[in-house]
Amino acid sequence: MHGIGTTAYRDGHSNWNDRYAKVVPVNTPDAVSAAAAIDEPSARSLPRWVRPLVVTALLVLFGVELVLGWPSLRAAFAELRAPRPGWFALALVAELAAMSCYGRMQRRLLRSAGVTAPIHKHIALAYAAHSLSVTLPGGPAFSTHFNYQQMRRFGATPAVASWCIALSGLLSAAALAVVTTVSAFASSGTPQWRGLVTLALAIALLTVGIRRITRHPEKAEPATRAALAKVNRLRHRPDDEGLDRVRGFVGQLRAARLEPGHAVAAGVYAVLNWVLDAGCLWLCFRAVSDTGIGGAQLLLAFCAGMAAGTLTIVPGGLGLIDSALILGLVAGGVATSAAIAAVVLYRIISFGFIIGAGWIAWLIMRRHGPV
Numbered sequence: 000m001h002g003i004g005t006t007a008y009r010d011g012h013s014n015w016n017d018r019y020a021k022v023v024p025v026n027t028p029d030a031v032s033a034a035a036a037i038d039e040p041s042a043r044s045l046p047r048w049v050r051p052l053v054v055t056a057l058l059v060l061f062g063v064e065l066v067l068g069w070p071s072l073r074a075a076f077a078e079l080r081a082p083r084p085g086w087f088a089l090a091l092v093a094e095l096a097a098m099s100c101y102g103r104m105q106r107r108l109l110r111s112a113g114v115t116a117p118i119h120k121h122i123a124l125a126y127a128a129h130s131l132s133v134t135l136p137g138g139p140a141f142s143t144h145f146n147y148q149q150m151r152r153f154g155a156t157p158a159v160a161s162w163c164i165a166l167s168g169l170l171s172a173a174a175l176a177v178v179t180t181v182s183a184f185a186s187s188g189t190p191q192w193r194g195l196v197t198l199a200l201a202i203a204l205l206t207v208g209i210r211r212i213t214r215h216p217e218k219a220e221p222a223t224r225a226a227l228a229k230v231n232r233l234r235h236r237p238d239d240e241g242l243d244r245v246r247g248f249v250g251q252l253r254a255a256r257l258e259p260g261h262a263v264a265a266g267v268y269a270v271l272n273w274v275l276d277a278g279c280l281w282l283c284f285r286a287v288s289d290t291g292i293g294g295a296q297l298l299l300a301f302c303a304g305m306a307a308g309t310l311t312i313v314p315g316g317l318g319l320i321d322s323a324l325i326l327g328l329v330a331g332g333v334a335t336s337a338a339i340a341a342v343v344l345y346r347i348i349s350f351g352f353i354i355g356a357g358w359i360a361w362l363i364m365r366r367h368g369p370v
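Once you know that position 73 of the sequence shown is 72 in numbering that gives the first Met the number 0, the rest is easy, because the numbers rise by one and skip nothing.
Right, here's the structure in full:
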């Protein structure tokens, strides 16, 4: 969902997270600033006639789709006109719980590094970062930078804050992969134990690798030195320039130890983040339709929609995520009108309501510091 993150996210989120997505490869302040600075010049370098042409083409495309799909849309809005209040309320609660799980996941990672902050601050940060990620051009870079700033205010060192942001994105992406794999196995009718064992081994190796790097970060110095030397040659600087800063960063990273208890809890919260988000979609479907749909089919449709969201630069994945969700539900045997109504209601909650709450949290945090 949540690409913070993603949706990463949610992001991964995010926003793979995030929540709803979303992972920036190098999460230092310099890297974030550079990423944010790259977007603007690249946009200015386009010829002036390109933007109007793209906008016109999109409007024509949407117009054709609207004409062709109007009968289904009319039936969908008729169903959406009176959603069942009880199911709608439960869907809203599920989405709020999903966002809470993402904040709790990041809190666990920071606690593993010895940094503690009240849970409400982490949840507010999850909302604000998710909104930045999914609504701004180059949103993941802004979201990462904001995450970094707030975690530094929580008391994290630069290395610990960067480690937490990167690892939360990885966990969110891995959790979505787990949900997708399990739903695919469930839909086939018979568990494929070889695939499940392979997935479990991959997750175990990833966890062991992360713990080893954080316990012995100095072992990464040869590779870091070689990469730094190549970058400095391109900049026509001495090979070892900046090495002291890297060593200081590595020294701070020693505090970022992923303890088993915190690792398991963070992984569970990452999975719950996606499962509750998918649960919101299922509850929205129940709010507008009496027909049933299998849990595995709905999860597959949901995962397809979230994966599609990583391929678009449109804020919130508008259009692409919705289309993927609708097609996935229809493929699972849902009537087109019911699928459209359920997805519209789901997006009102997951995009409209959550994004609005996130921007309010961002304004409060910008004006008064962490809430």
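For each residue, glycine too, the CB sits at the ideal point set by N, CA and C.
With 16 other Cβ atoms within 10 Å as the buried cut-off, status of residue i
i      : result
ARG346 : buried
VAL274 : buried
ARG103 : buried
LEU233 : exposed
ALA88  : exposed
VAL114 : buried
ALA371 : With the chain represented from 0 up to 370, any question about residue 371 goes unanswered, as that position is not in the structure.
ALA226 : exposed
TRP48  : exposed
VAL230 : exposed
ALA56  : exposed
HIS129 : buried
VAL343 : buried
C-beta atoms of residue i and residue j nearer than 8 angstroms
i      : j      : result
ILE353 : ALA90  : no
PRO82  : VAL333 : no
LEU298 : VAL178 : yes
LEU108 : ALA265 : yes
ALA174 : ALA269 : yes
ILE164 : THR143 : yes
ALA338 : VAL329 : yes
ALA158 : ARG151 : no
ILE373 : MET98  : In the structure as shown, the chain starts at 0 and stops at 370, and residue 373 therefore has no counterpart that could be examined.
SER167 : ALA295 : no
6 angstroms CB neighbourhood of residue i in its chain, flanking five on each side removed
i      : result
LEU280 : PHE301 and TYR345
ALA323 : ALA303, GLY304 and ALA307
ALA228 : ASP238
ILE320 : GLY304, ALA307 and GLY308
GLY138 : LEU131 and SER132
Assumed close pair residue i, residue j - CB separation to whole angstroms, cut-off 8 angstroms
i      : j      : result
SER171 : ASN272 : 7 angstroms
GLY357 : TYR126 : 4 angstroms
THR282 : ALA93  : Here the sequence assigns Leu to residue 282, which means Thr is not the residue at that position. Confirmed, Cβ separation roughly 6 angstroms.
LEU257 : SER111 : 5 angstroms
LEU131 : PHE145 : 6 angstroms
LEU124 : GLN149 : 5 angstroms
TRP86  : ARG285 : 5 angstroms
GLY381 : ILE292 : There is no way to answer for residue 381, as the model of the chain reaches only from 0 to 370.
Heavy atom of the ligand HEM within 7 angstroms of residue i beta-carbon
i      : result
PRO221 : This structure lacks the ligand HEM, and indeed carries no ligand of any kind.
Cβ shell of residue i (< 7 angstroms), same chain only, five flanking positions each side left out
i      : result
GLY278 : ALA93
LEU52  : none
PRO46  : none
PRO259 : none
Same chain, Cβ closer than 8 angstroms to residue i, five either side skipped, listed in chain order
i      : result
CYS100 : TYR268, ALA269, LEU271, ASN272 and LEU275
ARG106 : ALA116, ILE118 and HIS121
PRO221 : none
**Study point:** Segments assigned alpha helix (DSSP H), at least 4 residues, entirely inside the stretch 125 to 152
**Key:** none
**Study point:** Contiguous alpha helix (DSSP H) assignments of at least 4 residues, all confined to the stretch 293 to 363
**Key:** 294 to 308, 319 to 330 and 335 to 346
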